[in-house]
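Peer 1: In the order they appear, the protein sequences are chains A and B. Note that full-length UniProt numbering gives residue 809 to position 809 of the first sequence, counting from 1, and the numbers run on in steps of one. Note that full-length UniProt numbering gives residue 182 to position 182 of the second sequence, counting from 1, and the numbers run on in steps of one. Cβ coordinates follow ideal geometry from the N, Cα and C atoms, glycine included. For clarity, every value in this text was computed on a predicted model and none was experimentally measured.
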Amino acid sequence: MLHFQRRFLSTKFTSSADVVICGGGISGTSLAYHLAKRGKKVCLFEKDAVGCSGATGLSAGLVSAPIFWQDVGLQTIAQESMNLYSEMAKSSKFRFVKCGRTYFATSMTNEIVLRRMYSRGIVHNDSVELIDCQSEMLARWPFLQTEDIQLALYSPEDVALDPVALCQHLAATAKDYGAQIYENSTVSEVMLGDEGQVYGIDTTHGFVETSNFVDAAGIWSGSHLIKSLPHQHVQTAIYPCTYSYIHTSKLPTGAVIDSTPIFNDLDANIMLRTTSFKTLAAGFAEDSIRPLARQTNNSTTWVHPEPDWNKFDPNLDKLIHRCPMLGNVNHGDLICGMEAYTPDKLPTIGESSQARGYYMMCGMNGQGLSLAGGLGKLLSEIICDGVAKTADVTRVDVGRFVDLHANSQYLIERTPEVAAMTYSNLYHSHQCHTARNLRMAPIYHQLKDAGAVFGEIMGYERPLWFAKSAQSHKNALMRGQDTLIGKPEWFDRVASEYEACRERVGLIDMSSFAKYDITGPDALKFLQYLCSANVDEPIGTTVYTGMQHQQGGYVTDCTLSRLGDNKFFMVAPTIQQERCLVWMKKWAEKLGSKVHVQDVTGAYTALDLIGPSSRYLMQDVTGLSMTSNEFPTFRCQEINIGMATGIRAISVTHCGELGWVIYIPNEMAQNVYDKVISAGQEYSLQHAGYYTLRQLRIEKFYVYWGQDINATVTPVECGRLFRVDFKKDFIGKAALEEQLERGVSKRFVQLLIDNHDKETDPWPQGGETLYRDGRPCGLTTSAAYGFTLGCQVCIAVIENKEFGVSAEFINRGSYELDIAGKRFAVRVNLHSPTLPMISSEHPLHYRPTQ
Amino acid sequence: MLKRKLIEQVRRKNTRNSRWNADAHLRAHERTSNIEADAIVRVDTCQLAANNPIEDFYSAAKCLSSRAFLFGVYDGHGGQQCSRYISTNLFPYICASVLKKHEIAEYPSAERLEWLFSSSDGHLPNAFSEKHTENIVKYHKKFRASQELYQGTVREALKLAFEQCDEDLSRNALPSGKGIIDRLSAMIAASGSCTTLAHIRARHLHVANLGDAAAVLGVVNSNGSVTARQLSRAHCVDNADEVHRIRTSHPASESQTVLRGGRLLGELFPLRAFGDVRYKWPLELQKVVLEPFGHPPPYHLLTPPYLSSSPEVFYHKLTANDKFLVLATDGLWEWLDPDTVVRLVHDHTLGTITQQPYVPKSGTTLNEVREQLRDRAQGEKKTKKPIDENCATHIIRHALGGVSGGATKQYERLIDILQVPPGRARNYRDDITVIVIHFNDSYLKKYDNSEE
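Right, here's the structure in full:
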């Protein structure tokens with residue numbers, strides 16, 4: 001009663017809103033703008049003044065042009081930001097200078113990075129320039145030392161703006177659309193209803209009733225009190241780290257003007273911004289970055305961490321090396337800022353799985369200005385329509401994290417490395433060297449002894465390839481081993497692994513794949529509604545299916561094995577571990593289904609036995625007949641191997657070869673592994689890694705979720721209609737039917753690159769532009785070397801919004817692929833080519849993408 | 001077993017306590033003074049007594065009319081009175097002898113001195129100080145009147161100031177018109193004091209030395225190596241020039257007696273000093289003034305004065321390589337040689353900078369910041385972090401504890417030597433006084449090429 005009274009008295013007002021946003025930095029104001037524009041009733045609470053506190057207020061106001069990002073989704077997001085800001089600049093008079101940015105490369109790798117950036121740039125119609133003449137660089141920027149620069153790239157679209165004024169203008173515009181902005185007002189509690197749904201927000205201004213709360217509080221994200229959660233706040237995978245820059249007087253030269261570009265030296269990892277009245281010199285050496293204490297209370301004020309000159313020292317050296325004149329200016333101020341970082345250097349948006357209606361928009365990794373404008377749009381789409389249309393959110397979605405990512409100790413180890421990469425582009429194969437060896441299969445050490453070189457995915461150590469001898473160092477793989485140019489170190493080893501899988505038998509550890517047990521009286525009915533394929537097949541059948549969202553795109557793809565009438569075993573891509581679970585639980589609740597979904601990823605060790613001899617090997621270790629009649633492909637069965645029981649064998653190898661994946665309960669994994677290895681000797685069994693899987697599947701034109709397809713791609717577009725059963729009702733059916741009627745403008749193709757010298761040419765990575773008759777027509781999504789085809793193979797998506805992408809249209813053109821500025825003639829396959837199978841047994845299910 | 005554990009525990013506790021005691025003992029009289037003006041950044045001083053009361057003194061002051069800094073160490077013998085007197089009364093003479101070309105501001109001769117610090121109290125009995133002021137004014141008038149002096153050199157001015165100071169000191173001890181002898185003045189005149197004085201005006205360093213204290217300049221070459229540069233010569237029997245000077249200024253008949261057993265008249269070790277009128281005054285005067293106070297004249301006092309109070313002056317123009325100057329009484333030099341001292345100071349500077357976060361001084365450029373950070377990084381590499389923040393304490397610790405061996409060994413020796421109480425300790429060591437003057441790189445660098 002007393003409590004109630006106090007609440008009543010302290011309440012200054014009570015109101016309601018569609019969405020309440022906490023945080024008036026660039027994230028919060030951008031989102032408020034987008035939501036208000038769409039007619040939502042928005043309340044924004046900022047504990048200080050809009051734009052002034054937090055990382056936004058301290059930022060240098062530099063916005064990177066979209067060409068910086070390798071990822072297409074991020075490019076779109078950055079482009080949206082840029083569009084928004086320039087529109088804002090038109091209607092207000094804040095500082096907005098299109099000063100451009102110059103990137104320098106002194107190493108071969110970064111030279112290729114710049115050439116790739118240039119390739120992206122010319123598609124965006126930027127007047128991007130590549131400069132490879134040192135004296136020209138010196139003539140343009142006489143205050144720099146250019147002797148050791150191999151290549152410079154000038155990106156004219158980069159912008160320097162006033163971040164505070166931008167935020168204030170965004171907030172003011174949002175206000176015009178009806179949003180309410182409260183400054184000096186803290187969110188003191190987020191209240192959850194009985195079903196974990198946000199129903200109201202308590203603030204120092206009073207209580208607001210709302211069912212949507214957006215946490216855009218920067219480094220304070222996740223610190224809002226939620227009494228009904230076990231930790232009293234939402235667990236987030238963001239962590240504050242320092243970043244430092246020197247703020248000093250202008251360079252003593254007349255050559256610096258306001259439109260002098262921002263300089264980024266990629267190899268030295270430094271940035272220099274010089275104007276006619278000041279100089280900012282930043283450096284991102286990993287040693288110079290300190291993780292801070294996690295904010296646990298959102299009412300703490302912003303306190304600058306103590307600047308540490310000693311730690312900045314390595315940067316200073318490189319800065320003065322690049323710009324010798326900088327050494328003669330006064331020491332100025334070393335400014336130490338705080339910013340929220342995530343484990344993978346990508347921002348986080350989307351609904352938290354811990355509280356319904358609790359959205360995140362945080363973890364900008366020092367690129368808040370460049371991304372927040374577009375992310376605001378995406379999140380507004382998610383909040384209003386349930387799904388983002390502008391760009392694929394897979395890589396920025398909060399669902400990409402599992403619990404371990406939110407662990408403070410994990411983040412303390414990881415985030416400084418991430419912060420050090422603020423201005424480096426992360427490729428798909430990038431491997432961090434911190435926070436490793438967290439999740440490991442029981443056979444980790446056996447694999448390591450066998451020479452495994454590991455790569456981390458979702459905290460899990462997955463063998464990428466096997467070196468000739470055991471790797472002694474702790475993190476067997478420090479950096480992504482996919483070279484941007486020239487033959488990678490693993491090439492010959494993977495060739496031999498590949499050969500084993502194609503002609504004998506290979507063993508791949510696939511334990512990282514997400515695994516679920518789905519049980520309950522409604523399991524079948526529930527899965528029939530969620531999956532687009534018919535899963536009502538006899539017990540012992542495995543079905544490859546997609547799960548679609550309402551717009552028909554892939555939430556995920558997976559294999560469903562029916563173990564009982566209402567018992568299914570689901571295997572999904574590794575990165576889907578959290579997202580799938582949340583999706584299924586959300587729908588189970590929505591449908592009121594009596595179904596239980598259990599994440600059993602960590603309970604099983606998965607061994608993929610691939611190759612023609614796998615049949616005999618399986619027969620040897622199980623004592624069962626494994627003929628194509630007894631155990632055809634796309635079947636599952638619980639089997640024993642030696643003394644071990646409860647092993648789930650599924651005859652799907654995820655790469656189009658004959659074979660089985662055996663899911664062994666962890667406690668028996670070592671026993672079974674030893675047994676398989678010793679039995680395999682007779683068939684010259686060889687360990688293989690994830691890279692081999694990649695080369696195997698790409699030749700067969702298997703598209704992978706997260707690399708080729710994602711939530712913006714439908715089965716119609718990626719040629720998987722044959723996996724969709726229109727006879728039943730499922731999520732997204734209407735959208736797919738409509739799309740079938742209307743026709744699609746996207747199509748996946750397989751590219752075979754001719755005349756590519758694997759020793760000296762840049763290697764495709766995905767994200768390269770495909771030219772049809774000289775005009776850009778699509779992008780590659782993933783790439784690998786085809787050992788049987790004897791050339792580089794890519795999967796690409798071709799888009800033609802005007803006339804569609806009929807087979808005829810595709811076959812008519814002549815195609816070139818631009819890899820790091822070099823054009824290669826490519827052959828385009830609509831279907832997988834017939835692979836010569838020397839001794840391989842053709843699996844019966846094999847059916848390449850149409 | 002238990003007993004052994006207990007003993008072990010007690011022992012460990014004792015060790016800790018005695019270490020703490022040793023540290024406290026060493027640091028009792030340390031002082032750090034941040035000057036931050038012109039060429040000087042900071043001055044570290046420390047003192048350790050062996051006599052009771054201590055006979056060493058030090059003082060530092062600034063001459064307002066020439067903006068010169070004065071630092072002195074005074075090593076007394078035969079009592080503390082003389083060195084104590086000199087520590088407070090020498091500087092006014094030097095201030096009164098500012099050359100015409102160096103006069104920046106016009107100050108009356110009595111108000112020219114700004115004390116920075118001193119180990120003596122600085123107060124003199126009233127009657128005494130009146131007389132002193134009178135002396136100074138008189139001297140100042142004389143100095144300015146002489147064209148030769150007033151427009152001469154710092155070297156000459158310093159010499160004159162020393163000599164005049166000593167002259168006035170001994171005159172004070174003479175019987176007044178009424179035939180009364182001031183007891184205190186007589187004691188001052190009877191005891192003696194060696195003195196090393198550094199006179200630093202802008203980047204001009206003069207070291208005036210009288211006796212066996214010494215000044216050593218620490219020079220760090222651009223390649224990082226450290227060398228010691230001695231800016232004084234000890235005036236004792238080891239110094240051949242001094243021996244020659246003394247022998248030639250007295251009749252050959254005295255050659256057997258003037259220096260005996262390495263000592264002046266077989267008694268006094270330093271060959272130049274303030275006070276010590278027993279070796280300066282004629283026998284008759286001593287009989288009147290000193291004998292009543294129990295100071296018999298020395299034997300073989302045939303042709304006084306035997307003892308000079310004219311200092312030897314060295315000049316050095318400071319460069320950016322000159323990092324610090326160490327002034328210390330002979331108590332230190334009998335334990336450590338100049339090279340070791342300089343190395344100790346250098347290591348200490350590198351070592352201590354890593355103990356506090358680096359903050360660039362205003363006006364430093366980023367190039368300088370980078371250099372300083374590099375120096376720090378070097379200090380960081382040396383795993384041995386100094387125990388003392390004060391550089392002078394650091395030197396004394398190593399003088400008594402030894403430079404070799406680990407911290408434990410060093411503490412063992414220190415505890416041993418420090419447990420002898422002052423007074424009795426004189427049998428094992430002398431009073432030690434150390435002043436370390438740290439120079440300002442960027443100041444010196446800035447004027448490295450300029451003439452003035």
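1. Near Tyr306 (chain B), which residues of its chain fall below 8 Å by C-beta distance, leaving aside the five closest residues on each side in sequence?
2. Can you tell me the Cβ-Cβ gap for Gly611 (chain A) and Gly506 (chain A), rounded? I've got them flagged as a contact below 8 Å.
3. Name the one or two DSSP bridge partners that Trp465 (chain A) has.
4. Distance cutoff 8 Å, beta carbons only. Does Gly351 (chain B) sit that close to anything in chain A?
5. Roughly how many angstroms lie between the CA atoms of Ala240 (chain B) and Val73 (chain B), to the nearest whole one?
6. Is there a C-beta anywhere in chain A that falls below 8 Å from the one on Asn367 (chain B)?
7. Please classify Cys765 (chain A): is it buried, with 16 or more other beta-carbons within 10 angstroms of its beta-carbon, or exposed?
8. List the endpoints of the continuous alpha helix (DSSP H) containing Asp557 (chain A).
9. Provide the residue(s) that pair with Tyr785 (chain A) in DSSP beta bridges, ordered along the chain.
10. Shorter than 8 Å from the beta carbon of Gly656 (chain A) to some beta carbon of chain B?
11. Along chain A, which residues have their Cβ under 9 Å away from the Cβ of Ala377 (chain B)?
12. Residues of chain D with CB closer than 9 Å to the CB of Gly363 (chain B), please, in chain order.
13. Taking CB distances under 8 Å as the criterion, tell me whether Pro357 (chain B) reaches chain A.
14. What does the Cβ neighbour count give for Val341 (chain B), buried or exposed, with the cut at 16 atoms within 10 Å?
15. Since Leu266 (chain A) and Phe68 (chain A) should fall inside the 8 Å C-beta cutoff, what is the C-beta to C-beta distance between them, to a whole number of angstroms?
16. Mind listing the chain A neighbours of Pro386 (chain B)? Cutoff is C-beta to C-beta under 9 Å, in chain order.
17. Given a cut-off of 8 Å, decide if Arg67 (chain B) and Ile35 (chain B) are closer than it, judged by their beta-carbon atoms.
18. Would Val50 (chain A) and Ala171 (chain A) qualify as a contact pair, given that the criterion is a beta-carbon distance under 8 Å?
19. Along the chain, which unbroken stretches of the alpha helix (DSSP H) at least 4 residues long are found entirely within the region 499-584 of chain A?
20. Quick check on Val198 (chain A): buried or exposed, where buried means 16 or more other Cβ atoms within 10 Å of its Cβ?
21. Tell me the rounded alpha-carbon separation between Phe824 (chain A) and Leu770 (chain A).
22. Could you name the residues of the same chain whose beta carbon sits closer than 8 Å to that of Asn440 (chain B), not counting the 5 residues immediately before and after it, in chain order?
23. Curious, which full-length alpha helix (DSSP H) runs of at least 4 residues does the UniProt domain "Aminomethyltransferase C-terminal" (746-828) of chain A contain?
24. Between the alpha carbons of Pro282 (chain B) and Arg27 (chain B), how many angstroms are there, rounded?
25. Evaluate Asn811 (chain A) with the Cβ neighbour count: other Cβ atoms within 10 Å of its Cβ, from every protein chain shown; 16 or more gives buried, anything less gives exposed.
26. What's the C-alpha gap between Ala78 (chain A) and Glu351 (chain A)?
27. Keeping to the same chain, check which residues put their C-beta closer than 6 Å to that of Gly331 (chain B); ignore five residues upstream and five downstream.
28. At the level of alpha carbons, what is the spacing between Lys446 (chain B) and Leu318 (chain B)?
29. Let me see if you follow: with CB-CB separation under 8 Å, is Gly327 (chain A) close to chain B or not?
30. Per the contact definition of three or more C-beta pairs closer than 8 Å, is the region 222-240 of chain A in contact with the region 287-300 of chain A?
31. Alpha carbon to alpha carbon, how far is Arg397 (chain B) from Leu418 (chain B)? Give it in angstroms, no decimals.
32. State the Cα-Cα distance for the pair Val289 (chain B) and Leu174 (chain B), rounded to the nearest angstrom.
33. Which chain A residues are close to Leu268 (chain B), counting only those with a beta carbon under 7 Å from its beta carbon?
34. Please state the DSSP three-state secondary structure of Lys62 (chain B).
35. For Arg245 (chain B), which three-state DSSP category applies?
36. Helix, strand or coil for Asp162 (chain A), going by three-state DSSP, please let me know.
Peer 2: Looking at the coordinates:
1. Excluding sequence neighbours, Tyr306 (chain B) sits near Ile246, His250, Val258, Leu264, Leu265, Tyr279, Lys280.
2. At roughly 5 Å, the Cβ-Cβ gap stays under 8 Å, so Gly611 (chain A) and Gly506 (chain A) are in contact.
3. Its beta-bridge partners are A:Val453.
4. It does not: the Cβ of Gly351 (chain B) has no partner Cβ on chain A nearer than 8 Å.
5. When only Cα atoms are considered, Ala240 (chain B) and Val73 (chain B) end up about 24 Å apart.
6. Flagged as an interface residue toward chain A: Asn367 (chain B), by a C-beta distance shorter than 8 Å.
7. Residue identity check: residue 765 (chain A) is Gln in the sequence provided, not Cys. That one is buried.
8. It is not in any alpha helix (DSSP H) - Asp557 (chain A) instead sits in the beta strand (DSSP E) that spans 554-564.
9. Note: Tyr785 (chain A) is bridge-paired with A:Gln792 in the DSSP secondary-structure output.
10. By this cut-off, Gly656 (chain A) is not an interface position.
11. Within chain A, the residues near Ala377 (chain B) are Asn310, Asp313.
12. Within the model displayed, chain D is absent; protein chains A and B are what it includes.
13. By this cut-off, Pro357 (chain B) is an interface position.
14. That one is buried.
15. Between the beta-carbon of Leu266 (chain A) and that of Phe68 (chain A) there is about 11 Å, and that puts the pair past the 8 Å contact cut.
16. When 9 Å is used as the limit between beta carbons, Pro386 (chain B) is near no residue of chain A, the shortest such separation being about 18 Å.
17. Cβ atoms of Ile35 (chain B) and Arg67 (chain B): not closer than 8 Å.
18. Taking 8 Å as the cut-off, the Cβ atoms of Val50 (chain A) and Ala171 (chain A) count as close.
19. With a minimum length of 4 residues, the continuous alpha helix (DSSP H) runs that stay inside the region 499-584 of chain A are 523-530.
20. In the assembly as shown, Val198 (chain A) is a buried residue. Its beta-carbon has 16 or more other beta-carbons within 10 Å.
21. Computed Cα separation, rounded: 10 Å.
22. Answer for Asn440 (chain B): Glu36, Asp38, Ala39, Ile40, Val41, listed in chain order.
23. Fully enclosed alpha helix (DSSP H) runs of 4 or longer: 807-812.
24. Spanning the two alpha carbons is a distance of roughly 44 Å.
25. For Asn811 (chain A), the number of other beta carbons within 10 angstroms of its own is below 16, and it is reported as exposed.
26. For the pair Ala78 (chain A) and Glu351 (chain A), the Cα-to-Cα distance works out to about 21 Å.
27. Around Gly331 (chain B): Asp430, Asp431, Ile432.
28. Rounded to whole angstroms, Lys446 (chain B) and Leu318 (chain B) show a C-alpha spacing of 12 Å.
29. Yes, Gly327 (chain A) lies at the interface with chain B (some Cβ there is under 8 Å from its Cβ).
30. Under the Cβ criterion (8 Å, minimum of three pairs), the region 287-300 of chain A counts as touching the region 222-240 of chain A.
31. Straight-line Cα distance between these residues: approximately 11 Å.
32. Distance between the alpha carbons of Val289 (chain B) and Leu174 (chain B): 7 Å.
33. Chain-order list of chain A residues neighbouring Leu268 (chain B): empty, with the shortest C-beta distance near 53 Å, by a criterion of under 7 Å.
34. Residue state, collapsed to three classes: strand.
35. Arg245 (chain B) falls in the helix class under three-state DSSP.
36. Asp162 (chain A): coil per DSSP, three-state reduction.
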